[in-house]
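Trainee: Quick one: structure below, then a few questions.
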Amino acid sequence: MAVKKATIQAQVAAAITEANPADRPLVTIQAVAGPSVWLMSMLGLIGQAFLTYYFITVTEQAVLVHKASMLSNRPKELAFAIPRTEATWLVSDVNRNTLWSWFRFQLPGQATPARMNVHRIWREELDQLLDHIVGQPVT
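So the sequence shown is numbered by my numbering: it starts at 310 and just counts up by one.
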């Protein structure tokens, strides 16, 4: 099970290189899509059923969203590949909190934006990711 950020980022980079050797990852975060992580934790295993784990990576060419394994914390299949020019309009409602920050991200084919919860250990990478996508630092 990958626990360290560096290990997780290396695994995601390897998955990207395997799929497209010409592309290079710039920043990767782990996000939990779904309602409030706090609320879902209180509901135990039932609450976990409402959460989806993702790795969101900004590369030189696109914004890639990989599903993440809940058990091994490794990247699984590529869920979405969004051109960088289109990704600018998909981020909204950035909310920075002490432990869990979140933002809304419009995933292709979904009617409403997904709430992406990001733990504070990914805060620096979250700021970089939003800077790459939105084009300016988000405070």
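Using N, Cα and C, we set each Cβ at its ideal position, and we do this for glycine too.
How many whole angstroms separate the CB atoms of Ser410 and Arg432, which I take to be in contact at a CB cut-off of 8 angstroms?
Mentor: So it is a contact: roughly 7 angstroms between Cβ atoms.
Trainee: Thinking just about the alpha-carbon of each residue, which of Phe412, Leu416, Ala420 and Ala423 is nearest to the one in Leu439?
Mentor: Leu439 has its Cα closest to that of Phe412, out of Phe412, Leu416, Ala420 and Ala423.
Trainee: Just to confirm the assignment, what range does the alpha helix (DSSP H) spanning Thr316 have?
Mentor: From DSSP, the alpha helix (DSSP H) with Thr316 extends over Lys314 to Ala328.
Trainee: Any idea what DSSP makes of Ser350, helix, strand or coil?
Mentor: Here Ser350 sits in helix by DSSP.
Trainee: By Cβ distance, which residues of its chain are closer than 8 angstroms to Leu408, with the 5 residues on each side in sequence left out?
Mentor: Closer than 8 angstroms at Cβ, skipping near neighbours: His428 and Arg429.
Trainee: Between Leu281 and the rest of its own chain, which residues show a CB-CB distance below 7 angstroms, the 5 nearest in sequence each way excluded?
Mentor: Not covered by the structure: residue 281. The range shown for the chain is 310 to 448.
Trainee: Just the Cα atoms here: how many angstroms apart are Met349 and Gln357?
Mentor: Rounded to whole angstroms, Met349 to Gln357 spans 6 angstroms at the Cα level.
Trainee: Does the distance from the C-beta atom of Phe364 to that of Pro392 stay below 7 angstroms?
Mentor: Not closer than 7 angstroms, so no.
Trainee: By DSSP, does Asp436 sit in helix, in strand, or in coil?
Mentor: Helix at Asp436.
Trainee: How long is the line joining the alpha carbons of Asn382 and Val403, rounded to whole angstroms?
Mentor: Between Asn382 and Val403, the C-alpha separation is close to 25 angstroms.
Trainee: I'd like to know whether the C-beta atoms of Ala420 and Phe414 end up nearer to each other than 7 angstroms.
Mentor: Not closer than 7 angstroms, so no.
Trainee: Anyone know if the C-beta pair for Ala342 and Thr361 falls short of 7 angstroms?
Mentor: Yes.
Trainee: Leaving aside the five residues before and after Val443 along the sequence, list all residues of the same chain whose C-beta is less than 8 angstroms from its C-beta, in chain order.
Mentor: Within the same chain, Val443 has close Cβ partners Thr397 and Val400.
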